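Trainee: Heads up: the sequence shown begins at 2 in this note's numbering, then just goes up one per residue. C-beta atoms are modelled at their ideal positions from N, C-alpha and C, and glycine is treated no differently. Fair warning: this is a prediction, and the values are worked out from it, not measured in the lab.
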Amino acid sequence: MEQNRWVNRPQGSNWGDFGADDQRGKMNLLTPARRAAAAREVREGMAFTLSLPLDYPGGNAIFPFRKPPRLHHENRGPAHNFNFRLSHICNEFCDVVCDDAVMLYLQYSTQWDGLCHVGQMFDADGDGVPEKVYYNGYRGGVEIVGPDDAREGFGAKALGIENFATAGVQGRGVLVDLHRIYGRKRAYVGYDELMRALEAQNVGVEAGDFLCLYTGYADLVLEMNKKPDVETLHASCAALDGRDRRLLDWISDVDLVAICADNLAVEAYPARPALGDTFPGLPLHNHCLFKQGIHLGELWYFTELARWLAANDRWRFLLTAPPLNLPGAVGSPATPIATV
Ligand code: UVW
Numbered sequence: 002m003e004q005n006r007w008v009n010r011p012q013g014s015n016w017g018d019f020g021a022d023d024q025r026g027k028m029n030l031l032t033p034a035r036r037a038a039a040a041r042e043v044r045e046g047m048a049f050t051l052s053l054p055l056d057y058p059g060g061n062a063i064f065p066f067r068k069p070p071r072l073h074h075e076n077r078g079p080a081h082n083f084n085f086r087l088s089h090i091c092n093e094f095c096d097v098v099c100d101d102a103v104m105l106y107l108q109y110s111t112q113w114d115g116l117c118h119v120g121q122m123f124d125a126d127g128d129g130v131p132e133k134v135y136y137n138g139y140r141g142g143v144e145i146v147g148p149d150d151a152r153e154g155f156g157a158k159a160l161g162i163e164n165f166a167t168a169g170v171q172g173r174g175v176l177v178d179l180h181r182i183y184g185r186k187r188a189y190v191g192y193d194e195l196m197r198a199l200e201a202q203n204v205g206v207e208a209g210d211f212l213c214l215y216t217g218y219a220d221l222v223l224e225m226n227k228k229p230d231v232e233t234l235h236a237s238c239a240a241l242d243g244r245d246r247r248l249l250d251w252i253s254d255v256d257l258v259a260i261c262a263d264n265l266a267v268e269a270y271p272a273r274p275a276l277g278d279t280f281p282g283l284p285l286h287n288h289c290l291f292k293q294g295i296h297l298g299e300l301w302y303f304t305e306l307a308r309w310l311a312a313n314d315r316w317r318f319l320l321t322a323p324p325l326n327l328p329g330a331v332g333s334p335a336t337p338i339a340t341v
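#1: Evaluate E163 with the Cβ neighbour count: other Cβ atoms within 10 Å of its Cβ, from every protein chain shown; 16 or more gives buried, anything less gives exposed.
#2: Is the distance from the Cβ of F123 to the Cβ of G174 below 7 Å?
#3: For a test of the three-state rule: what should DSSP assign to A312, helix, strand or coil?
#4: Could you name the residues of the same chain whose beta carbon sits closer than 6 Å to that of V43, not counting the 5 residues immediately before and after it, in chain order?
#5: Please list, in chain order, all residues of the same chain as W360 whose beta carbon is under 7 Å from its beta carbon, the five residues on each side excluded.
#6: Going by Cα to Cα distance, which pick from C99, G59 and R152 is closest to R77?
#7: Within 6 Å: the Cβ of A266 and any heavy atom of the ligand UVW?
#8: So the candidates are L300, M225, L325 and G20; which of them puts its Cα closest to the Cα of C261?
#9: Of the residues E232, V103, Y192 and R152, which one's Cα is nearest the Cα of L249?
#10: Helix, strand or coil: which one does DSSP assign to E42?
#11: To the nearest angstrom, how far is it from the Cα of E132 to the Cα of F280?
#12: Quick check on the DSSP output: what are the complete beta strand (DSSP E) runs of length 3 or more inside the region 172–241, in order along the chain?
#13: Does the Cβ of Q108 lie closer than 6 Å to at least one heavy atom of the ligand UVW?
#14: Along the chain, where does the beta strand (DSSP E) that runs through L297 open and close?
#15: Could you pull the start and end residues of the alpha helix (DSSP H) that L249 belongs to?
#16: In terms of residues, what are the limits of the beta strand (DSSP E) holding A262?
#17: In the DSSP assignment, the beta strand (DSSP E) including P168 goes from what residue to what residue?
#18: Give me the Cβ distance between Y136 and L290, rounded to the nearest whole Å; I'm assuming they're in contact under 8 Å.
#19: Per the DSSP calculation, T50 is bridged to which residue(s)?
#20: Let me know the secondary structure DSSP gives T304 once reduced to three states.
#21: Could you compute how far the alpha carbon of S237 sits from the alpha carbon of A219?
#22: Give the single residue among P284, P274 and S52 whose Cα lies nearest to the Cα of Q121.
#23: Here's a check: name, in chain order, each residue in its chain whose Cβ is nearer than 8 Å to the Cβ of G61, leaving out the five neighbours to either side.
#24: For F165, is the classification buried or exposed, using 16 other Cβ atoms within 10 angstroms of its Cβ as the cut-off for buried?
#25: Is it buried or exposed for R308, if we count other Cβ within 10 angstroms and need 16 for buried?
#26: Expressed to the nearest angstrom, what Euclidean distance is found between the alpha-carbon atoms of P65 and V222?
#27: Reducing DSSP to helix, strand and coil, say where R291 ends up.
#28: What do you get for V331, buried or exposed, if any count of 16 or more other CB atoms within 10 angstroms of its CB means buried?
#29: What does the alpha-carbon distance come out to for the pair R152 and A39?
#30: Can you determine whether any heavy atom of the ligand UVW sits closer than 6 Å to the C-beta of D242, and answer yes or no?
#31: Given a cut-off of 7 Å, decide if W113 and H288 are closer than it, judged by their beta-carbon atoms.
#32: Nearest to H74 by CA position, among K228, D101 and A159, is which residue?
#33: Regarding D263 and the ligand UVW, is the C-beta to nearest heavy atom distance less than 6 Å?
#34: DSSP on P324, reduced to helix/strand/coil?
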């Protein structure tokens with residue numbers, strides 16, 4: 002019999018519902034039948050790439066601790082393993098090869114947040130003292146191990162992105178076009194606003210779906226040509242209102258497996274001020290990653306897909322969006338594909 006890692010579970014969480022050792026959260030709801038239904042959304046066979054080039058947004062002004070990818074080339078003898086001539090014996094037909102490596106901040110550009118991206122100080126063991134806890138009761142410093150916790154063996158020993166990568170990230174996407182309602186105006190989208198947008202599109206969201214939000218933010222990022230104007234970005238486009246309790250409850254009740262947006266954090270960040278002494282700074286991250294095991298996709302690129310769906314009065318599609326199968330990683334770049 003599996004033993005829960007917690008005595009208390011956070012209010013509004015589903016910890017333990019998928020098993021005491023679960024590391025996939027609501028991805029457990031993506032059954033073969035739901036995947037087969039998603040595949041039936043493919044009628045034209047057209048594919049849309051939903052990733053920015055991974056060297057966008059450019060620089061590190063948006064997040065000082067996330068830097069653009071840096072390619073690196075190993076030495077090979079006196080030169081580099083790049084445009085390298087495999088043999089000096091021949092002139093014609095001789096192979097010339099290139100290899101490379103990259104210093105890649107996994108959450109710099111189009112990305113998935115894994116379930117260990119955001120946890121909370123919470124008294125899970127019931128001793129009256131809060132500790133660092135993540136989804137399903139996994140602990141900071143025990144399973145989620147960083148350089149301040151140990152001398153070696155860092156990374157996520159549980160909840161790493163490999164759990165998501167091997168879960169078969171392919172299902173039905175439903176796009177909500179917030180851009181056509183708000184344009185580039187800054188807007189906090191709570192439950193009422195989201196319901197109105199779904200109604201206007203005459204589309205529903207069901208258990209096992211990936212909710213995809215097109216806000217126009219990634220278009221702005223691209224237009225800034227790798228020199229992001231942070232003030233303008235923070236003041237532009239729609240984002241979910243993580244402080245709206247009804248929105249959070251709806252996200253739990255509808256049984257989404259993930260929420261993906263073309264903006265920075267899916268939710269408005271910084272979030273609206275909250276009442277009380279302590280509260281999460283990233284309330285939607287807290288609800289989705291920490292309490293519910295719902296993955297978040299950020300800085301996706303929906304523009305052409307959104308235009309095509311609007312022109313064809315369709316909002317559902319097959320979404321294929323695996324992260325890297327990189328054991329121990331917190332997040333991952335993605336090159337998602339929508340097939341219509
Ligand atoms: C934050 O830390 C705000 O992370 P992200 O929005 O990339 O999930």
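Mentor: With the structure as the only source:
#1: With at least 16 other beta carbons inside 10 angstroms of its own, E163 counts as buried.
#2: In this structure, F123 keeps its C-beta atom at 7 Å or more from the C-beta atom of G174.
#3: Helix.
#4: Taken in chain order, the residues that qualify are L319 and T340.
#5: In this structure the chain extends from 2 to 341, so residue 360 is not present and cannot be described.
#6: With distances taken between Cα atoms, R77 lies closest to C99.
#7: In this structure, the ligand UVW has a non-hydrogen atom nearer than 6 Å to the beta-carbon of A266.
#8: The closest CA to that of C261, considering only L300, M225, L325 and G20, is found on L300.
#9: Comparing Cα-Cα distances from L249 to each of E232, V103, Y192 and R152, the minimum goes to Y192.
#10: E42 sits in coil when the DSSP states are folded into three classes, being neither helix nor strand.
#11: E132 and F280: Cα-Cα distance of roughly 15 Å.
#12: Listed in chain order, the beta strand (DSSP E) elements of length 3 or more contained wholly in the region 172–241 are 188–190, 211–215 and 239–241.
#13: Yes, Cβ of Q108 sits closer than 6 Å to a heavy atom of the ligand UVW.
#14: Residues H296 to E299.
#15: Here the alpha helix (DSSP H) through L249 covers R246 to V255.
#16: Start and end: A259 to A262.
#17: Looking at the sequence itself, residue 168 is Ala, so the reference to Pro does not match. Careful: A168 lies outside any beta strand (DSSP E) and carries neither H nor E.
#18: At roughly 6 Å, the Cβ-Cβ gap stays under 8 Å, so Y136 and L290 are in contact.
#19: DSSP links T50 through a beta bridge to I338.
#20: Helix.
#21: Computed Cα separation, rounded: 11 Å.
#22: That would be P284, whose Cα lies nearest to the Cα of Q121.
#23: Note on identity: in this sequence residue 61 is Asn, with Gly being the wrong assignment. So the qualifying residues of the chain are R67, K68 and P69.
#24: Classification for F165: buried.
#25: Exposed, by the Cβ-count rule.
#26: For P65 and V222, the distance between alpha carbons rounds to 16 Å.
#27: It should be noted that the sequence gives Phe, not Arg, for residue 291. Three-state result, F291: helix.
#28: Label assigned to V331: buried.
#29: R152 and A39 have their C-alpha atoms roughly 45 Å apart.
#30: Incorrect: D242 has no Cβ contact closer than 6 Å to the ligand UVW.
#31: It is not a contact, given that the beta carbons lie outside the stated cut-off.
#32: The shortest C-alpha to C-alpha distance from H74 to any of K228, D101 and A159 is the one to D101.
#33: No.
#34: Reduced to three states, the DSSP call for P324 is strand.
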